[in-house]
Each structure stands twice: as C-alpha cells, then as structure tokens.
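To start, the structure under review is shown below, and the notes come after it.
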Amino acid sequence: MEFLAETEPMLNLNPEQLQQHATPLYVYDLNLLRQTLQFAQQEAGKYNFHVHYALKANANGPILDAMREFGFGADCVSGNEVKAAIENGFAAKDVVFAGVGKSDAEINYALEQEIFCFNCESSHELEVLNELAEKKGTVARIALRINPNVNANTHKYITTGLEENKFGINAWELEAVLDLIQKLKHIQLIGIHFHIGSQITDLTVFKNLCTRVNEFQEWFLARNIMLEHVNVGGGLGVDYYAPEQNLIPDFAAYFGLFNQFLELRPGQQVHFELGRALVAQCGTLVSRVLYIKNGVTTNFAILDAGMTELIRPALYQSYHKIQNLTSQKQEVRYDVVGPICESSDCFGKAVNLPETNRGDLIAIRTAGAYGEVMASGYNLREKAQAIYI
Ligand code: LLP
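Just so you know, we're using the UniProt record's numbering here: the sequence shown kicks off at 1 and counts up by one.
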C-alpha cells in the first residue's frame, strides 16, 4: 500500500485525555478515519468506481462530514437516513435509497428530494413506487436489487444474498419483473444492485459475486437492455482480532478484484456501498470498570457499558478486542460483562487482561460501525456520549 508508507496509521487512545470524560463513551479518531477514506478513494478512483457510504454503519455528523469531504455518496435505508444525508449536505444526485420495506412517507420524501436512485426489491414495491411517482408527476430512477444466491460465508444474520433471505428479486422472477417495468410509466430502470452480506473477509466470495453479476449482465443484454450502472453493494470485512495490524482494510485488493473480474460494457459505472470497512476501526467504546466479582471458576469484570451501547457480541456472538487502558499489572482472566439484566450482556468470555480494578478504563475496539447506531434505551439507559479526536 503506497499510501501507508507515508504515514503509518494508528489509533489515538490517550488514557489521560479519556480520564476527563464520563463513561460509557464512544471515541472516534478522525485522523484514522481520514486516512482510511483517502486510501479507499485512491483505490476506487483507479478504476473510476463510485462509493456510496452506507449510513447505517454510523450516521454521526462528523463522520458524514468526512465522507462528504472525501467525495463519497450516501447509501440510505430509511427516510431518516435520506434526510440525514441531505441535511448534511450530500447532493441528492449522490443519494441512493435501498431497503425491503420502504414506507409511502419515506418514498414520498425521497421523490421530493429527487434522489439519484431507488434500489427496489420486489414487484409490489415497483408498483407502489410507480403509483407514488405518478401522483407527484415525476419519474423515479430505479435499480433492481437482484438476489444472486451467492454465499457470503459470514454470520447468518448478516447474510443477505441467498434465496432463503428476504432481500432482492430472485433470478426466476426477473422476466415477470421486466414485463411489469415496461408497463410502469413512472419508473425508469437504470441499473442493477447486489448486496450479499456484511463482514466478508474471504475475497473469493466477491469473485463469485462478479461471476453472477456477469451472468445477469448477459441476461439483460440478451433482452437489449443497457444498464447504466452496476451496484455491487458493500460487505468488505475488517479485522476485529488484530485491529492494530489492519487498521485500514485492504481496499487495493478489494477494488482490484472487482476490476479484474467484473465484465463491464462501455459507459457503465460501478457503484459500491461500503459501511463497516470505512468506519469500524476509527471508533472505540470506552468504559469504566464498576466492580470485580470473583467466582469459583470465573472472575467477572463488570463494566458501565453494556449491550445497550454495543449489541454486536450479544446479537451475533461477535468478537471485539478488549483492552485495559490503565493497568499494567500481571494478566488475569475475566469474563467482561455489562450491567444489563441479560446473560447475553457479555463483551467477552475468558479474556486475558492486566489485573483489573474498579475505575480502570476499558477499550472495546473496532466499534465505529454498527455500534452507536444500534444502541438502545433498554433498562432506560442514557445514550452514551461521543467525542472526536
Ligand atoms: N448495502 C446494503 C444494501 C446493506 O444492507 C448493507 C448492510 C450495506 C450496503 C453495508 O454493508 P457493510 O459494507 O457495512 O458490510 N449490524 C450488522 C451489520 C448489518 C449490515 C446490514 N447491511 C453488524 O453489526 O455486523
């Protein structure tokens, strides 16, 4: 990576600085974010690929500002995300709106904003969108989200491109959907869209996706339909186990693979919708230890952060690296848990940490994506604050 040679990326987590803040606290390193975005844009730019940032990963103002500054578009999955993008200053022509269940109010709002494209997932949705666009005397640009039946080799809750998943239009439905589109005068087909899942670390999965996309392209071409753009979604994973070694994902390999394996027609644009890969590593959930509870076989370190701040371990059994930022003592094994009344409220089992005491600062790493956005008020918990360094 040429870019990394100039400034080695690092995460700034200074315990003295953090001591002044109440916890639980989300800490975002904007330098690391910028380095990540610069590298992603540099690599995508080599092939004239366009990246829409998936707001669902993290829609905080300063994060969106950075995305816009670096020239990313916005990939939204709710009316409020479209609104957040527009209000943040993203141009409507850089906003796409996806999702299996768009409400009438959300569609109407996006139509009024004249966004770039609706990614549509069923014939029923096409009919409703057509009707709403007609009422407004406008034509909605659409991409068909196709379910390519490609296994993403990731957690089943974040697998989206298999026939058993609720997402997208299946191959055998396409003929009927095209017939329908020909009849609907208030929608205009401009592209196809795929998204097979998230936290994908095996790049051969994306190669398989390219093969399927090429097959679908042939299918459309055989019907004389020229698509202006091909959207291959997001899904590039990050290293939760060794964040220091891989603070910036390998965008060179990722975009290079699509360049190598996607067969494009002249004038076609390729779009991506990355979320996690852009923001995961720059965010850390910082917490204080409330209590240590020694059991017969297990010591518990009980934190002031819980599944209400970061639900990923409870929901997907996902691993996040845990560090004690303030103790340098000998290592002891802990189950690191939150205060919520659920046994799933556990950040890590049998974690080796320097001997940990009440008041120590604990960092839960790689929490910039799908952390704060998935927070809940369960147990009437306060929302954690966020700081940007
Ligand atoms: N495009 C579509 C249509 C999506 O559904 C998603 C994510 C993305 C793009 C962005 O994917 P990414 O590049 O971030 O992998 N809460 C889960 C992840 C859910 C992902 C949902 N869709 C987690 O914490 O792992």
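Backbone N, C-alpha and C define an ideal beta-carbon position, used for all residues, glycine too.
(message) Quick check: what's the CA-CA separation for residue 404 versus V128?
(response) Outside the shown range of the chain, which is 1 to 389, sits residue 404, and nothing can be said about it.
(message) Classify G377: buried if its beta carbon has 16 or more other beta carbons within 10 angstroms, exposed otherwise.
(response) Around the C-beta of G377, fewer than 16 other C-beta atoms lie within 10 Å, and the residue is accordingly described as exposed.
(request) Out of K102, R68, F72 and E69, state which residue places its alpha-carbon closest to the alpha-carbon of N80. (result) K102
(message) Report the CB separation of Q366 from K321 in whole angstroms; it is logged as a contact under 8 Å.
(response) Before going on, a small fix: residue 366 reads as Thr here, not Gln. The pair is a contact, with the Cβ atoms about 7 Å apart (cut-off 8 Å).
(message) According to DSSP, simplified to helix, strand and coil, what is L285?
(response) Strand.
(request) Report the three-state DSSP secondary structure of Y316 (helix, strand or coil). (result) helix
(request) Determine the direct distance from the alpha carbon of T160 to that of K166, and round the result to whole angstroms. (result) 8 Å
(message) When you compare the segment 274-283 with the segment 303-320, are there three or more beta-carbon pairs, one atom per stretch, that lie closer than 8 Å?
(response) Cβ pair count under 8 Å is below three, so no.
(message) Using C-beta distances below 8 Å, list every residue in its chain close to T211, excluding the 5 sequence neighbours before and after it, in chain order.
(response) F261
(request) Using the DSSP secondary-structure output, state which residues sit across from G368 in a beta bridge. (result) Answer is none; G368 lacks a bridge partner.
(message) With three or more C-beta pairs closer than 8 Å as the rule, is the segment 146-153 touching the segment 92-101?
(response) no
(request) Count the other C-beta atoms from every protein chain shown that fall within 10 angstroms of the C-beta of Q35, then say buried if there are 16 or more, exposed otherwise. (result) Q35 is buried by the Cβ-count criterion.
(message) Run through the DSSP bridge pairs and tell me what residue 392 is partnered with.
(response) Residue 392 lies beyond the range of the chain shown here (1 to 389); nothing can be said about it.
(request) Between the Cα of I158 and those of E331, S343, H195 and E175, spot the shortest distance and give me the residue it belongs to. (result) Closest option to I158, Cα to Cα, is H195.
(request) Quick one: measure Cβ to Cβ for residue 415 and I190, integer angstroms, because I've assumed they're closer than 8 Å. (result) Residue 415 lies beyond the residue range present for the chain, which begins at 1 and ends at 389; the question has no answer from this structure.
(request) Determine the direct distance from the alpha carbon of T284 to that of residue 405, and round the result to whole angstroms. (result) There is no way to answer for residue 405, as the model of the chain reaches only from 1 to 389.
(request) Report, in whole angstroms, the separation of the C-beta atoms of F272 and F206, which I expect to be a contact under 8 Å. (result) With 8 Å as the limit, F272 and F206 do not qualify as a contact, their Cβ atoms being about 11 Å apart.
(request) Just the C-alpha distance for P15 and L25, rounded to the nearest angstrom, thanks. (result) 13 Å
(request) List in chain order: all unbroken beta strand (DSSP E) runs of 3+ residues lying wholly within the segment 210-266. (result) 229-231
(message) For D104 and D75, what's the separation of their Cα atoms in angstroms?
(response) 19 Å
(request) Over the uninterrupted alpha helix (DSSP H) stretch that includes E16, give me the two end residues. (result) P15 to Q19
(message) Let's test the definition: count the other Cβ atoms within 10 Å of the Cβ of D360 and tell me whether it reaches 16, buried, or not, exposed.
(response) buried
(request) Can you check the segment 309-358 for any beta strand (DSSP E) of at least 3 residues that lies completely inside it and give the ranges in chain order? (result) The DSSP assignment places 322-324, 331-337 and 346-354 as complete runs of the beta strand (DSSP E) inside the segment 309-358, in order along the chain (cut-off: 3 residues).
(message) Less than 8 Å between C-beta atoms, sequence neighbours within five positions excluded: which residues of the same chain meet that for I200?
(response) For I200, the CB contacts under 8 Å within the same chain, skipping 5 residues up- and downstream, are A152, N153, T154, F206, G235, L236 and G237 in chain order.
(request) Spatial neighbours of Y291 within its chain, please: CB distance less than 6 Å, with the 5 preceding and 5 following residues excluded, ordered by chain position. (result) I302
(request) Compute the beta-carbon to beta-carbon distance between N119 and R145, rounded to the nearest angstrom, for a pair I have assumed lies under 8 Å. (result) Rounded, the Cβ-Cβ distance is 5 Å, consistent with contact.
(message) If the criterion is Cβ atoms closer than 7 Å, does the pair I389 and D29 meet it?
(response) Taking 7 Å as the Cβ cut-off, I389 and D29 qualify as a contacting pair.
(request) Quick one: residues in its chain with C-beta nearer than 6 Å to the C-beta of R333, no 5 flanking neighbours on either side, listed in chain order? (result) Excluding residues within five positions, the ones whose Cβ falls inside 6 Å are A350 and N352.
(request) Note down, one range per segment and in chain order, each beta strand (DSSP E) of at least 3 residues found wholly within the segment 21-67. (result) 25-28 and 50-54
(request) Alpha carbon to alpha carbon, how far is Y47 from Q269? Give it in angstroms, no decimals. (result) Distance between the alpha carbons of Q269 and Y47 is about 10 Å.
(request) Compute every distance between the C-beta of R312 and the non-hydrogen atoms of ligand 1, then say whether any falls below 6 Å. (result) yes
(request) With a threshold of 16 other CB atoms inside 10 Å of the CB of K293, please say whether the residue is buried or exposed. (result) exposed
(request) Kindly identify the DSSP beta-bridge partner or partners of Q385. (result) For Q385, DSSP records a beta bridge to L25.
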